[in-house]
């Protein structure tokens, strides 16, 4: 069982829609991440939040807007997406400490843009 | 810069065969090394990790040893099962302040036939 929960599991949306992806973890991790993954490719980092503050934005287009309401929740707001944005969107979390701890991933949201 | 090189797939094996997936890395300092597995239609799961030279990570019959002298972290399993069919990713984490980016290999797809 994954300890990072993502909803919805699947999402189909048109290019003019607005939707949000949600991620929740209760492991007390203070770093949270959004990734985009195409089939059988490694995940591409999009955003990193540390202590609920955005610390990394990997030059992601503004049609993706992240939000971290509290230490357990991470959202990704979507607006005016393009067909090439169809992918698996993965959320992850990790501790923030002096050790190099692994990231724990959710099962992802499979997004299709019509 | 940091990088991970992973053997190309796909790899096709018969059940009970021996598995090796090669992974070598380039990194400054003392990275942590990870193997993640992605089963069809699922997110990424941490399979095993090693945080310092000569550490051996192991889980579910899989093993990998952190070899600093050869900068390698090869994944091995003595007897694969059909249920091991998945994509395997080698990754490293290098300490960069509080933000730990994962550097990924390209992934190796494994198919195990009965």
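Protein chains in written order, with this note's numbering: chain A, 14 to 127; chain B, 32 to 145.
Glycine residues also receive a C-beta, built at the ideal position from the N, C-alpha and C atoms.
Where residue i sits in the DSSP three-state scheme
i: residue 79 (chain A); result: strand
i: residue 36 (chain B); result: strand
i: residue 114 (chain B); result: helix
i: residue 37 (chain A); result: strand
i: residue 97 (chain A); result: helix
i: residue 125 (chain A); result: strand
i: residue 83 (chain B); result: coil
i: residue 113 (chain A); result: coil
Contact under 8 Å by Cβ, residue i with residue j
i: residue 69 (chain B); j: residue 121 (chain B); result: no
i: residue 96 (chain B); j: residue 55 (chain B); result: no
i: residue 58 (chain A); j: residue 46 (chain A); result: yes
i: residue 17 (chain A); j: residue 75 (chain A); result: no
i: residue 105 (chain B); j: residue 144 (chain B); result: no
i: residue 90 (chain B); j: residue 75 (chain B); result: no
i: residue 55 (chain A); j: residue 137 (chain B); result: yes
i: residue 114 (chain B); j: residue 60 (chain B); result: no
Contact set for residue i: own chain, Cβ-Cβ below 6 Å, skip 5 residues either direction
i: residue 127 (chain A); result: 27
i: residue 51 (chain A); result: 100
i: residue 78 (chain A); result: 90
Best match in the options for proximity to residue i [C-alpha to C-alpha]
i: residue 29 (chain A); options: A:96, A:64 and A:54; result: A:96
i: residue 37 (chain A); options: A:72, A:94, A:115 and A:81; result: A:81
i: residue 109 (chain B); options: B:63, B:46 and B:135; result: B:46
i: residue 40 (chain B); options: B:92, B:116, B:134 and B:124; result: B:116
i: residue 98 (chain B); options: B:92, B:77, B:84 and B:35; result: B:84
i: residue 68 (chain A); options: B:35, B:132 and B:33; result: B:132
i: residue 84 (chain A); options: A:92, A:117, A:49 and A:39; result: A:39
i: residue 19 (chain A); options: A:113, A:93 and A:88; result: A:88
i: residue 102 (chain A); options: B:92, B:73, B:111 and B:82; result: B:73
i: residue 64 (chain B); options: A:114, A:119 and A:120; result: A:114
i: residue 48 (chain B); options: B:107, B:58 and B:81; result: B:107
i: residue 116 (chain A); options: B:66, B:112, B:111 and B:119; result: B:66
Contact list for residue i against chain A, beta-carbon separation under 8 Å
i: residue 135 (chain B); result: 55 and 56
i: residue 32 (chain B); result: Residues of chain A passing the Cβ test: none, with the nearest at roughly 15 Å.
i: residue 65 (chain B); result: 115
i: residue 88 (chain B); result: Ordered by position in chain A, no residue passes the 8 Å Cβ test against residue 88 (chain B), which lies about 10 Å from the chain.
Residues of its chain near residue i, where Cβ-Cβ distance is below 8 Å and the 5 sequence neighbours each way are ignored
i: residue 24 (chain A); result: 32, 34, 122, 123, 124 and 125
i: residue 42 (chain B); result: 50, 52, 139, 140, 141 and 142
i: residue 71 (chain A); result: 57, 58, 59 and 60
i: residue 109 (chain A); result: 42, 43, 44, 63 and 64
Amino acids of chain A, ordered along the chain, whose beta-carbon sits closer than 7 Å to that of residue i
i: residue 74 (chain B); result: 15, 103, 118, 119, 120 and 121
i: residue 132 (chain B); result: 58
Close Cβ partners of residue i (< 7 Å) along its chain, the five nearest in sequence each way excluded
i: residue 35 (chain B); result: 54, 56, 121, 122, 123, 134, 135 and 136
Contacts of residue i in chain A (Cβ-Cβ under 9 Å)
i: residue 109 (chain B); result: Within 9 Å Cβ-Cβ: nothing; residue 109 (chain B) doesn't reach chain A, min ~24 Å.
i: residue 77 (chain B); result: 115, 116, 117 and 118
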